[in-house]
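Reviewing the structure listed below.
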Amino acid sequence: MPQRDSAAARLEADRAAHDRVVEALLRATADGDRDAVRGLLDPTATLWVDAAGSAAATPGVVEGVDETARALCRVLRPGPDVEVAARSVNGVAGLVVRQVGVVTGVVSVAVRSGRVAEAWVVLSPSKLERWNRD
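With the numbering used here, letter number 128 in the sequence shown gets 131, and the count goes up by one each step, no holes.
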């Protein structure tokens, strides 16, 4: 069973790296540090935004470090009535945005080589309904 143990150890290391990147992204966006966010992104970073029915962002694809960092900082910006926290999203660490206690956004990321390579932002109220049932 050495192969299975090796695969499990690799998966655990990958998950730990993923968690560290998500926590760093949370800190950087909380501080409004766009340079730190850029440093967490893969040079080919791509962001998909599902904002159907939301005025918070334009739906579509954002590509490149600068545009992706700008979009993530805008979506994950905390405020007086806005809380951003690390939570399990699709079984791995992601970020959840709450405004006055209501989930208004969910961000999941794919981490490769210690950087965010892809990110998915869901702002569509109809797709966030289950997040607000708890």
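Glycine residues also receive a C-beta, built at the ideal position from the N, C-alpha and C atoms.
Pairwise C-alpha distance: Val109 and Arg101: 9 Å
What first and last residue would you give for the beta strand (DSSP E) that runs through Ala54? Note, Ala54: premise wrong, no beta strand (DSSP E); not H, not E.
Report the rounded CA-to-CA distance for Val112 versus Val119, giving the unit in angstroms. 6 Å
Could you compute how far the alpha carbon of Arg115 sits from the alpha carbon of Ala33? 23 Å
Glu70 versus Leu79, Arg23, Ala88 and Ala48, residue with shortest Cα-Cα distance: Ala48
I'd like the span of the beta strand (DSSP E) that includes Val95, first residue to last. Val95 to Gln102
When Gly42, Pro83 and Ser91 are compared against Leu75, the one with the closest alpha-carbon: Gly42
Residues bridged to Ser91 [DSSP beta-bridge criterion]: In the DSSP output, where bridge partners are listed per residue, Ser91 has Ala96.
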